[in-house]
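S.K.: These protein sequences, in sequence, are chains A and B. Mind the numbering: the first sequence is residues 0 to 264 in numbering that gives the first Met the number 0, read in order. Mind the numbering: the second sequence is residues 0 to 150 in numbering that gives the first Met the number 0, read in order. Sharing a structure below in structure tokens format, with a few things to ask.
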Amino acid sequence: MRGHVVILSAVLLTSTAIGQEEPLPPVTPRDAPVLIALALEPEHAPVPRLTLEDAARSNDYATFHQLYERDPHPAYAALNELWTYSVNDPIGAFYGADMYERFAARYPGFASYIDDHKIVDARGNVFYPTSETRTFLLARAAEGTIVTPREERVRVAAAPRPPRRARFRKAEATKPAAVVPKPEIVPAPAMQAAVVVEPPPPAPLQTAVAAASILPQVPDAPPPAQTELAGRGGLLIAIGVAGIGVLGLLLRTPREELNKAPHPR
Amino acid sequence: MKRTALGLALLLLTASAFAADRPTPELNPPSNGDQWLRLSSTEKLFWAIGYSQGYREALEKIDVTAGPTSPCASLAVRTERQTSTSGKLSGFELVSSLERFYADPANTVIPIGSAIRISLLQASGKDQTTVQELIDTARVLGQQANARPRP
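This is how it looks when you write it as structure tokens:
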């Protein structure tokens, strides 16, 4: 009897546990209370973003270089160059005349500033300290000074300008056509060669006139160096045309006379 | 006569008062990176040269005091070979090494003697793992030393 009671209670317990495995769907009230009260949450102050200037002031080369590589600000270029040299060179705490001249050319006042800190070695070589130079460059960079090397500035200033004479010619060319001096007639080079070197065969006068009518279509703004040559060419053309005309007349006359003469029949 | 004595006494008193006002000059060598970075480059350079010279002088004194065949002499020779900057690094190089070492802000707590030792090991090509372990240990020791109240 006792064993039956134990089994029965065990069955009941098991069925209760099985029945509890399927929970009822959650019932949410219409106006659910807010689980997280934002007003009570702690407010963390935003982490200040480290700048190039901060990294340089705290003498943190790794951070500075990383920030510069990510966003290379031109004002900090010289500082990055110097500091990178300083970290990588065996005697990077000092530098020589080459770098000194570069900085002196870029920054007015640098030479007088660093002159107090220079070190002359036993052989008379002059060295300049990187640490003090970094202080100087950081101050300039913090001011936002972006410098251009002096040699580059000179190069920009000495950029080739158009010569004054050329500009004058350009001004002349832009004047109205009425003011422009009358261009001389210049023959085409092929035409000139045909006239001068090889006399043309006797041709009708119309051909020469037609050739002359083409001449004004030659470019009307000859280069100044060809002006004199063009004048001579024009003269030769005129002589040539006259010669052709005379030759034509001479050659035509006998034929007319022959035509007029009675044919022997 | 009485006036002269009084004037002389006054003069002596004034002189002694002035002498008492004058402060005794005190200049301490840098003990860690924080102090090192406050020096000018000229100061760093001459400190480095003096440090190397003093180190070598001290090791040579061991030989003189203990005798050339004593264990101290051989220890001095070995120590000199391992740790002295003299003959291994010029003053310019030593300053540059320390500048590089202290360019990491976490290293500024490290005592300058440890920094020189680590720099020498780095320069001699010691493996980076060992060097980094030494740096980590030196940082901990440096922080502990800085936390202690100074006399």
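Glycine is no exception: its CB is placed at the ideal position from the N, C-alpha and C atoms. Remember, it's a predicted structure, so these values are computed and weren't measured experimentally.
With three or more C-beta pairs closer than 8 Å as the rule, is the region 35 to 42 of chain B touching the region 116 to 126 of chain B?
M.R.: no
S.K.: When the Cβ atoms of the region 71 to 82 of chain A are set against those of the region 132 to 144 of chain A, are three or more pairs found closer than 8 Å?
M.R.: yes
S.K.: Give the interface partners of serine 40 (chain B) over in chain A, defined as CB-CB distance under 8 Å, in chain order.
M.R.: Within chain A, the residues near serine 40 (chain B) are Ala92, Phe93, His116, Ile118, Pro128, Thr129, Ser130, Glu131.
S.K.: Could you give the C-beta distance for alanine 308 (chain A) and alanine 140 (chain A), rounded to a whole number, given that I count them as a contact under 8 Å?
M.R.: An answer regarding residue 308 (chain A) cannot be provided, because it is not within the stretch 0 to 264 covered by chain A.
S.K.: Answer with yes or no whether the minimum CB distance from aspartate 97 (chain A) to chain B is below 8 Å.
M.R.: With 8 Å as the cut-off, aspartate 97 (chain A) does not count as an interface residue toward chain B.
S.K.: Decide if valine 273 (chain A) is buried, meaning its Cβ has at least 16 other Cβ atoms within 10 Å, or exposed.
M.R.: Outside the shown range of chain A (0 to 264) lies residue 273 (chain A), about which nothing can therefore be said.
S.K.: Of all the alpha helix (DSSP H) runs that stay within the bounds of the region 35 to 115 of chain A, which reach a length of 4 or more residues?
M.R.: 51 to 56, 60 to 69, 76 to 87, 96 to 105, 109 to 114
S.K.: So, with DSSP's three-state summary, where would you put alanine 115 (chain B)?
M.R.: Here the sequence assigns isoleucine to residue 115 (chain B), which means alanine is not the residue at that position. Isoleucine 115 (chain B) falls in the helix class under three-state DSSP.
S.K.: If you run the structure through DSSP and keep just helix, strand and coil, what is proline 128 (chain A)?
M.R.: strand
S.K.: Rounding to the nearest angstrom, what Cα-Cα distance links isoleucine 111 (chain B) and glutamate 92 (chain B) in this structure?
M.R.: 15 Å
S.K.: Is the shortest distance between the beta-carbon of aspartate 59 (chain A) and the beta-carbons of chain B less than 8 Å?
M.R.: Taking 8 Å as the CB threshold, aspartate 59 (chain A) lines the interface with chain B.
S.K.: Determine the extent of the alpha helix (DSSP H) in which valine 130 (chain B) is found, giving its start and end residues.
M.R.: 127 to 146
S.K.: Check whether chain B comes within 8 Å of isoleucine 46 (chain A), counting only Cβ atoms and requiring the distance to be less than that.
M.R.: Correcting the residue type first, residue 46 (chain A) is valine in the shown sequence and not isoleucine. No, valine 46 (chain A) lies away from the interface with chain B (no Cβ there is under 8 Å from its Cβ).
S.K.: So, with DSSP's three-state summary, where would you put isoleucine 145 (chain A)?
M.R.: coil
S.K.: Candidates B:Asp33, B:Val94, B:Leu12, B:Ser113: which alpha carbon is nearest aspartate 59 (chain A)'s?
M.R.: B:Asp33
S.K.: What residue range is occupied by the uninterrupted alpha helix (DSSP H) comprising glutamate 56 (chain B)?
M.R.: 40 to 65
S.K.: Below 8 Å on the Cβ atoms is my contact criterion, and I expect lysine 97 (chain B) with alanine 114 (chain B) to pass it. Report the Cβ-Cβ distance as a whole number of Å.
M.R.: Looking at the sequence provided, one finds leucine at residue 97 (chain B) rather than lysine. Correct: roughly 6 Å between the Cβ atoms.
S.K.: Are the C-beta atoms of serine 118 (chain B) and some chain A residue less than 8 Å apart?
M.R.: Taking Cβ atoms only, chain A never reaches closer than 8 Å to serine 118 (chain B), which makes this a no.
S.K.: Kindly indicate which three-state DSSP category valine 119 (chain A) falls into: helix, strand or coil?
M.R.: Strand.
S.K.: If you measure between the beta carbons of histidine 116 (chain A) and glutamate 131 (chain A), is that distance less than 8 Å?
M.R.: yes
S.K.: In angstroms, rounded to a whole number, what distance separates the CA positions of phenylalanine 126 (chain A) and arginine 99 (chain B)?
M.R.: 18 Å
S.K.: In the DSSP assignment, find the alpha helix (DSSP H) that holds glycine 32 (chain B) and state where it starts and stops.
M.R.: Its alpha helix (DSSP H) spans residues 32 to 35.
S.K.: Alpha carbon to alpha carbon, what distance is there between glycine 2 (chain A) and valine 10 (chain A)?
M.R.: 12 Å
S.K.: Say whether chain A places a C-beta atom closer than 8 Å to the C-beta of phenylalanine 100 (chain B).
M.R.: Phenylalanine 100 (chain B) does not count as touching chain A.
S.K.: Mind pulling the chain A residues with CB within less than 8 Å of serine 95 (chain B)?
M.R.: Under the 8 Å cutoff, chain A gives Ser85, Asp88, Pro89, Ile90, Gly91, Ala92, Phe93.
S.K.: Please confirm whether glutamate 56 (chain B) has its beta-carbon closer than 8 Å to some beta-carbon of chain A.
M.R.: False, the Cβ-Cβ gap to chain A never drops below 8 Å.
S.K.: Check whether the Cβ atoms of proline 28 (chain B) and serine 57 (chain A) sit closer than 8 Å, and answer yes or no.
M.R.: no
S.K.: Under 8 Å between C-beta atoms, does proline 104 (chain B) make it to chain A?
M.R.: yes
S.K.: Can you give me the C-alpha to C-alpha distance between alanine 137 (chain B) and isoleucine 109 (chain B), rounded to a whole angstrom?
M.R.: 6 Å
S.K.: According to DSSP, proline 110 (chain B) sits in a beta bridge with which residue or residues?
M.R.: B:Asn31
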